[in-house]
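Visitor: Attaching a single structure in structure tokens format; questions to follow.
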Amino acid sequence: MAASFYRVVGILLLIVGILSSIIAMLALVGEGILELGMAFIASVVIFIYFLFGAMSFLALGDALKFLKRTADSNEKILEELRGNRNSKVQETSIYQPEETENVPDAPAQKRSGYYNRK
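Just so you know, full-length UniProt numbering puts 112 at position 112 of the sequence shown, and the rest follows in order with no gaps.
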């Protein structure tokens, strides 16, 4: 939610920068304050000012989106490590142990002294 807000603000700031640089160039040339070359340079400087602001907001929006995706991924991994797998994960998991018939369980082997041989 916050990521999309910052991205929208960045895009709006970019549009405002384009419009204000065009209006500033037309106003400076139309009023005769500056010549065409100097007015163009002034409008480019105004656009760059808004461009840096827009890039900051767009980068912040992308960073928040990446952090949200990373946090969700880490949460899923943590739940798997804790053993709280849901049914979807168990059905599609490739790490399910194979069923073998002739393997006794470990506590029975320890009781029989299998591991205590030297």
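Yeah, the Cβ is synthetic: ideal placement off N, Cα and C, and Gly gets one too. Only a predicted model underlies this, so the values are computations on that prediction, with no experimental measurement involved.
Classify Ser-87 as buried or exposed, calling it buried when 16 or more other Cβ atoms lie within 10 Å of its own Cβ.
Guide: Summary for Ser-87: the model assigns pLDDT 48, below 50, so the residue's position carries little reliability; its value from the coordinates is reported in the next sentence. Classification for Ser-87: exposed.
Visitor: Which same chain residues end up closer than 8 Å to Lys-68 when comparing Cβ atoms and leaving out the 5 residues on each side of it in sequence?
Guide: Ala-3
Visitor: Could you tell me the alpha carbon to alpha carbon distance between Leu-36 and Met-55, rounded to whole angstroms?
Guide: 28 Å
Visitor: Buried or exposed: Ala-59, going by 16 or more other Cβ atoms within 10 Å of its Cβ?
Guide: exposed
Visitor: Go ahead and label Tyr-49 buried or exposed: buried means 16 or more other beta carbons lie within 10 angstroms of its beta carbon, across all protein chains shown.
Guide: So Tyr-49 ends up on the exposed side.
Visitor: Is Ile-46 helix, strand or coil when you go by DSSP?
Guide: helix
Visitor: Could you pull the start and end residues of the alpha helix (DSSP H) that Ile-33 belongs to?
Guide: First-last for Ile-33: undefined, no H or E at that position.
Visitor: Write down every uninterrupted run of the beta strand (DSSP E) in the segment 52-91 whose length is 3 residues or greater and which is fully enclosed by it, in chain order.
Guide: none
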